Amino acid sequence: MDQKRLLIALVFSFAVLGIFTFIQDKFFPHPQQPAAQTTQAAQTSPGAAPGAATGAAVAPPGPRLSVAAPLMQGSIGLTGAIFDDITLTSYHQSIKPGSPLVQILGRRGSPTPTYAQFGWSAAPGIDVPDDSTVWTSSAQTLTPSSPVTLSWNNGQGLIFQLLLSVDDKYMFTVRQNVINSTSAPVALYPWSRVVRDYKPKEQTSWVLFEGPIGVFNGTLKQESYKTLKSDGEHTTGGGAFNATGPGGWAGITDKYWLTAVAPAQKAAMHATMSYGTVKAGDGSAYQTSFITANPVIAAPGGSAAFTSHLFTGAKVVKILDGYQREYHIPNFYKAVDFGMLYFITKPIFFALDYLNSLTGNFGFAILIFTVGIKLLFFPLASYSYRSMARMRAVQPKIAALREQHKDDNVKLQQATMELYKAEKINPASGCLPMLLQIPVFFSLYKVIFITIEMRQAPFYGWIHDLSAPDPTNIFNLFGLIPWDPTSISPLLHVGALPLIMGFTMFLQQKLNPAPADPAQARMFQFMPFIFTFMLARSPAGLVLYWAWNNLLSVGQQWLIMRQAAPKKTVPAKA
């Protein structure tokens, strides 16, 4: 019977490991390389949102306006006035020496075209700029200290201008201005959009959202590429989502990067997320756009203007929060996918970020944060460990009950529960600290996985990136054998840090009283082994937290159980 139970426990344990591996591959993907982007303009009817891009496969040649800012560099195509070439100067694609910088916007004809554009719609008969328009630039380079004006004369008495400025981070300010030298008023509808002319390789994860995103009427809207394409193909005009209201923001987000437009927040806007066809890439164009609900009127001999902001950069939480305050962009921080547990996730991020500012290392920040969590749950853990100490003290009585009722499991369970009741022991108390820490554990995982601040954050020794799995592997003797075991199975990747974590879990288990059921006891013996494999491909920062938490628990549990252990009586001398 014991051998049968042991076999069942082993099968169950490996089933759990296999299921978690599948879930990890499906829903907890590893970091991927960033994507680039690009777009084009189209003349539209008054009051209608700009349609999906339908331009050529290659960005049109012509002059370009250079962009030089502290955190980004690149250029703007003056043919069409397209923002399609931005590289982030502070981020590399990997931690390897000489790794290329991250390119967030890319030209049409590149493998990953994404771009932003600003334009006007007008009544028939009024020429407005389009993709073929070649703008005249007032300077060769746009810098934080040197704004630039792009101009185009339509030959009908209207001069269109794009007054461009850029700050020292990731924000462009675009003022769309029209000078009317005719004798009649002109009504125009300024629009803006962000377009991605390809479908990126998605991280199919409920932990992380990537794709078209925006806040409309104060509500966050996330539209997956799949849904946008499906809805767009079955909707007239390709529009999958439409909203009307004041301001807001919309764009396309990746794991760490965002390109988004925020129009004037008091202006009534029509917002659209749409899908269409293009001749470039794989034939996919995903777009978020704004167009004014009411026209701006350029009086005879006067002008009309409309101001928007274009963010294209890294989703640094403090920078997003700063723009939210400065430009009153609603819920701009939600570009970082803190999820439904944001009330836990975001404070955890701020705590780690603050500790990192003190220590200069996110690994130390995680260690200190773990100590804080242990202190927070100390009263509950003390109760739990004292209860387990009492359970350990009655193990001889439980052993006697097992012997007494070895052929009757029902009576054994009844007698065991009566013993617990008499000794005032709660057998479930050991689970309480772990259950309460599950939200903290998941939120910490999300912070490590999604925030740009944790990306490529080093610790010490062999851990060069806390957001990536431990790079070592016991199955090739930590690199001594020139062979990749994961070519056989992804399960064959267990680094040094997960092994340390498994050992600390083993130590903690040794301090806990064994379950009354022998089969359960044998199954629990395999838990350190199972968890070692389960967490082997998780971010190293998460494994560091788990190992350090286990070690602190071992020390705390040993002290409490030692204090709670019954005192040995010394026989009196005769």
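Numbers 260 to 833, taken from our numbering, label the letters of the sequence shown in order.
Built from N, CA and C at the ideal position, the CB exists for glycine as well.
Source: prediction; values computed, not measured.
At a Cβ-Cβ threshold of 8 Å, PHE608 and LEU725 do not count as neighbours.
When C-beta atoms of the region 327 to 337 are compared with those of the region 433 to 441, fewer than three pairs fall below 8 Å, so the two segments do not count as touching. By alpha-carbon distance to LYS680, the top candidate from VAL699, VAL653, HIS664 and ASN668 is VAL653. For GLY581, no beta strand (DSSP E) run applies; the uninterrupted alpha helix (DSSP H) run containing it begins and ends at 576 to 586, by DSSP. Pairing TRP516 with LEU703, the inter-Cα distance amounts to about 20 Å. Of all alpha-carbon atoms in TRP807, GLY473 and LYS769, the one lying nearest the alpha-carbon of ALA502 is that of GLY473. Leaving aside the five residues that flank SER483 on each side, the residues in its chain whose CB is nearer than 6 Å to its CB run, in chain order, GLY470. Note on HIS752: 16 or more other CB atoms within 10 angstroms of its CB, so buried under the neighbour-count rule. For ARG661, the uninterrupted alpha helix (DSSP H) segment begins and ends at 654 to 663.
In the structure shown, MET676 falls within a helical segment according to DSSP collapsed to helix, strand and coil. For LEU569, the uninterrupted beta strand (DSSP E) segment begins and ends at 562 to 573.
Under the three-state reduction of DSSP output, ALA557 falls in the strand class. In the three-state DSSP reduction, VAL520 falls in the strand class (E or B). Short of 6 Å from the beta carbon of PHE468, and not among the five residues preceding or following it, lie these beta carbons of its own chain, in chain order: GLN481 and ASP596. In the DSSP assignment, the residues bridged to ILE511 are PRO471 and THR518.
In this structure, the CA atom of PHE623 is about 7 Å from the CA atom of ASN615.
Taking C-beta atoms under 8 Å as the contact rule, TRP450 and TRP379 qualify, at a distance of about 7 Å. With 16 or more other CB atoms across the displayed protein chains lying within 10 angstroms of its CB, ILE341 is buried. Around the beta carbon of TYR804, a 10 Å sphere encloses 16 or more other beta carbons of the protein chains shown; the residue is thus reported as buried.
When DSSP states are grouped into helix, strand and coil, MET647 belongs to the helix group.
VAL454 is positioned such that its CB atom lies no closer than 8 Å to that of GLN362. Non-local beta-carbon contacts of ASN413 in its own chain, meaning distances under 6 Å to residues more than five positions away in sequence, involve ASP386 in chain order. Just measuring C-alpha positions, the residue of GLY800, LYS769 and PHE785 sitting nearest GLY754 is GLY800. In the three-state reduction of the DSSP assignment, ASP612 falls in the helix class. Here the alpha carbon of THR348 sits roughly 6 Å from the alpha carbon of LEU360. With contacts defined by Cβ atoms closer than 8 Å, THR791 and GLY761 form a contacting pair. Every alpha helix (DSSP H) of 4 residues or more that sits fully in the region 707 to 793 is shown, in chain order, as 755 to 770, 777 to 784 and 786 to 793. For GLY622, the enclosing alpha helix (DSSP H) stretches over residues 621 to 635.
Contact annotation, ARG649 with GLU682: C-beta distance approximately 6 Å; criterion of less than 8 Å satisfied. Within the DSSP secondary-structure output, THR618 pairs in no beta bridge. Looking at the DSSP output, ALA544 shares a beta bridge with GLY535. The continuous stretches of beta strand (DSSP E) do not include ILE385, and DSSP gives it neither H nor E. Under the three-state reduction of DSSP output, VAL466 falls in the coil class, being neither helix nor strand. Between VAL520 and ILE603, the CB-CB gap reaches or exceeds 8 Å. With a cutoff of 8 Å on beta-carbon distance, TYR582 and PHE570 are scored as near each other. Under the DSSP assignment, SER334 falls in the beta strand (DSSP E) whose first and last residues are 331 to 336.
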